[in-house]
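Chemist:
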Amino acid sequence: MSKESLMVAKELKRLQSHPVRFDRFIKSHVSRLLKSDLVSVLAEFQRQDQVFLCMK
Numbered sequence: 024m025s026k027e028s029l030m031v032a033k034e035l036k037r038l039q040s041h042p043v044r045f046d047r048f049i050k051s052h053v054s055r056l057l058k059s060d061l062v063s064v065l066a067e068f069q070r071q072d073q074v075f076l077c078m079k
């Protein structure tokens with residue numbers, strides 16, 4: 024997992040209670056991740072049982 028994907032995972036967990044900021048962060052940062060990093064982030068959320076974050 025790259026540094027950027029770790030930062031994205033941390034921020035998504037932090038922002039999940041703020042829907043507007045959460046959606047804005049997804050559009051600006053998550054869309055820039057490489058496919059392999061995105062898969063790594065999703066796998067980590069599944070491992071941590073963060074279903075909401077996996078679905079977004």
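In the numbering used here, the protein residues as written are 24 to 79.
Glycine included, every Cβ here is placed at the ideal spot set by N, Cα and C.
Since the model is a prediction, treat every value here as computed from it, not as a measurement.
Relative to the alpha-carbon of F48, which residue among V64, V31, E27 and E67 has its alpha-carbon at the smallest distance?
Modeler: Taking only the C-alpha atoms, the option nearest F48 is V31.
Chemist: Decide if V64 is buried, meaning its Cβ has at least 16 other Cβ atoms within 10 Å, or exposed.
Modeler: Buried: at least 16 other Cβ atoms inside 10 Å.
Chemist: Within 10 angstroms of its Cβ, does D60 collect 16 or more other Cβ (buried), or is it exposed?
Modeler: Label assigned to D60: buried.
Chemist: So the candidates are S40, S51 and Q71; which of them puts its Cα closest to the Cα of E27?
Modeler: For E27, the nearest C-alpha among the options comes from S51.
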